[in-house]
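Written below as structure tokens is the structure these notes are about.
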Amino acid sequence: MPRKKSTTKKQPQKKVQAKKATTKKKVVKKVDLKNVDPKKEKKKTKGPVYTTLRGMKDILPKEGVMWQHLYHTAEDIAGAYGFSYIETPILEQASLFVRSIGKGTDVVDKEMYIFEDKDGSKVCLRPEVTASIARSYINHGMHTFPQPVKVWYWGQMFRHDRPQAGRYRQFHQFGCETFGIQSPVVDAELIAVAYNMLRDLGIETTVKINSIGTPEDRENYIVELVGYLRSKRSYLSDESKKRINKNPLRVLDSKHEQDKAVMEEAPQILDWLSDKSRGFFMSVLEYLDEAGVPYVLTPTLVRGLDYYTDTVFELYTEDDEGSQSALGGGGRYNGLVGQLGGEETPGSGFSLGIERVANILKKQKEELEKQEDYKPEKPGGIFFAQLGEQACKRSLHLIEELRRSGLRVYHNLAKSSLKAQLETADKLGVSNTLILGQKEVQDGTILIRNMESGIQEVVDQKKIVNTVQKLLAK
RNA sequence: GUGGCUAUGGUAUAAUGGUUAUUACUCUGGUUUGUGGUACCGGCAAUACGGGUUCAAUUCCCGUUAGCCACCCCA
0 MPRKKSTTKK
10 QPQKKVQAKK
20 ATTKKKVVKK
30 VDLKNVDPKK
40 EKKKTKGPVY
50 TTLRGMKDIL
60 PKEGVMWQHL
70 YHTAEDIAGA
80 YGFSYIETPI
90 LEQASLFVRS
100 IGKGTDVVDK
110 EMYIFEDKDG
120 SKVCLRPEVT
130 ASIARSYINH
140 GMHTFPQPVK
150 VWYWGQMFRH
160 DRPQAGRYRQ
170 FHQFGCETFG
180 IQSPVVDAEL
190 IAVAYNMLRD
200 LGIETTVKIN
210 SIGTPEDREN
220 YIVELVGYLR
230 SKRSYLSDES
240 KKRINKNPLR
250 VLDSKHEQDK
260 AVMEEAPQIL
270 DWLSDKSRGF
280 FMSVLEYLDE
290 AGVPYVLTPT
300 LVRGLDYYTD
310 TVFELYTEDD
320 EGSQSALGGG
330 GRYNGLVGQL
340 GGEETPGSGF
350 SLGIERVANI
360 LKKQKEELEK
370 QEDYKPEKPG
380 GIFFAQLGEQ
390 ACKRSLHLIE
400 ELRRSGLRVY
410 HNLAKSSLKA
420 QLETADKLGV
430 SNTLILGQKE
440 VQDGTILIRN
450 MESGIQEVVD
460 QKKIVNTVQK
470 LLAK
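Residue 0 is where the first sequence starts when you use numbering that gives the first Met the number 0, and the numbers rise one by one after that.
Have a look at this one:
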């Protein structure tokens with residue numbers, strides 16, 4: 000980023016030589032230096048330093064492989080479970096989220112990127128995508144589609160939170176939503192997708208699960224809970240005292256030791272569920288057992304968004320070395336579509352935080368690389384080196400031919416020396432390099448060099464595709 | 001949003017109130033204009049930003065910004 004020409008730095012040796020030159024020159028030099036004033040110069044030549052905004056980050060080519068791997072894993076697993084891809088705009092009407100997620104939640108009150116559009120309407124960068132998809136469901140009359148409507152998504156979300164490791168202002172989520180069916184199997188399937196995806200990636204997670212029932216169940220429970228909390232008020236932390244009125248459910252998962260003690264005796268929401276909700280929840284658990292997804296019943300789990308009903312869950316990593324250990328979460332939202340103006344439609348979904356998953360994978364990879372016998376994977380391709388103008392021209396044809404037959408061809412046509420090209424080939428780690436020189440162009444042949452053994456073979460250019468394909472198939 | 005810790009080339013680091021800021025990796029050029037992975041030689045590249053104290057600040061102090069950690073919350 001700091002790009003500048005250093006006019007002041009010189010080689011020691013050169014300086015010694017300079018000293019031997021006339022003193023006049025020296026004086027001139029000194030004056031020059033004064034006029035230049037490295038500090039001011041720096042400012043001038045540096046110009047503005049552009050960086051990413053706070054809490055945003057670049058995904059660099061080096062990480063690209065892993066991100067694509069993540070994306071494809073998501074794509075594969077969602078597809079395997081019968082979900083179709085959906086994409087909604089990143090920018091939405093602000094009220095969509097206010098209405099669905101709910102006033103009073105942190106996400107809406109503090110964390111939304113919200114601003115006025117040119118026509119004065121309030122728009123915002125989506126903090127999550129479930130509401131957008133529900134909106135889309137209504138807009139496009141998806142209730143006329145065969146139910147359930149199962150969709151998966153992958154995209155950027157924005158929350159103006161204070162950044163921390165594993166917490167960014169722009170981040171990616173992968174998730175699935177199932178609309179139109181009120182069945183415990185749906186919830187179990189969604190949890191299984193999330194759990195299995197992480198397992199496929201080599202990440203063991205704990206599924207924490209709870210049910211918060213219907214809004215009525217919750218109201219009744221909150222009355223009871225508030226009563227209990229008031230009676231224990233003096234034992235609670237200051238923060239929790241405040242929350243008794245503002246958001247009593249949040250006291251449940253407080254991390255203060257003193258609160259935890261109080262919570263042990265607290266009334267549990269599960270006892271306040273209607274028979275219907277309780278039966279539903281039990282059924283979800285049974286399906287999870289069948290699906291082989293281990294879970295931990297967590298009565299203190301409540302989620303931060305208003306639209307949840309009944310099942311709620313979160314996925315935690317086992318190895319939560321600091322940072323953010325919640326990799327994802329979700330739940331049922333039977334009221335959401337109705338709330339947004341559609342017909343009452345049940346729904347359920349989950350989302351995973353890709354940056355958090357990526358962080359764990361990165362750590363795992365670093366561990367792996369520490370091991371002595373670690374060998375980086377070779378790229379599945381071949382390097383094409385060329386010498387001389389004629390060869391360079393000819394190589395364009397050959398590269399195209401190879402590419403058309405589905406081969407990946409690396410090259411650096413801008414370099415002329417074979418040495419430099421082989422160096423590049425070596426850095427890429429390819430197993431073979433094709434070498435085309437003046438001689439070969441005239442003979443209609445080409446060299447294939449095995450990068451490991453250094454053995455080179457002469458091949459007819461006509462047979463090149465075939466030969467390379469065979470080589471790479473090994 | 002609250003509190004704490006941190007800030008040296010692209011990365012990882014050393015050092016210092018005083019002339020040219022250490023080293024390694026990376027990148028780049030060469031030794032070798034038809035042969036890489038080793039070796040040798042060269043080059044690019046940094047004290048986050050702004051202010052203060054001082055004869056002198058990269059070093060001490062303050063502010064800003066960013067990162068990390070805890071809270072809050074969540075993915």
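Every residue, glycine too, gets a C-beta built ideally from N, C-alpha and C.
Taking every protein chain shown into account, the CB of residue 128 has 16 or more other CB atoms within 10 angstroms, so this residue is buried.
DSSP lists 434 as the beta-bridge partner residues of residue 384. The region 379 to 391 and the region 424 to 435 touch, with no fewer than 3 CB-CB distances between them shorter than 8 Å. The Cβ atoms of residue 460 and residue 397 lie closer than 9 Å to each other. Residue 361 holds the alpha-carbon nearest to the alpha-carbon of residue 202 among 248, 361, 139 and 122. Under the three-state reduction of DSSP, residue 429 is assigned to coil, being neither helix nor strand. Residue 144 counts as exposed, since fewer than 16 other beta carbons sit within 10 angstroms of its beta carbon.
In the structure shown, residue 353 adopts helical secondary structure according to DSSP, grouped into three states.
Annotated three-state conformation of residue 465 is helix, per DSSP.
Only residues of its own chain outside the window of five on either side were considered, and among them 177 and 347 have a CB closer than 6 Å to the CB of residue 185, listed in chain order. Between residue 359 and residue 206, the alpha-carbon positions lie close to 17 Å from each other. In the DSSP assignment, residue 281 falls within the unbroken alpha helix (DSSP H) covering 274 to 290.
Under the three-state reduction of DSSP, residue 252 is assigned to coil, being neither helix nor strand. Between the alpha carbons of residue 293 and residue 315 lies a distance of about 12 Å.
Contact between residue 212 and residue 309 holds: their C-beta atoms lie close to 6 Å from each other, under 8 Å. Membership of residue 297 in any beta strand (DSSP E) is not indicated, and neither H nor E is assigned to it by DSSP. Put simply, the backbone Cα of residue 54 is about 48 Å away from that of residue 393. For the 9 Å CB-CB criterion, residue 74 and residue 122 do not form a contact. Ranking 408, 263 and 56 by CA distance to the CA of residue 235 puts 263 first.
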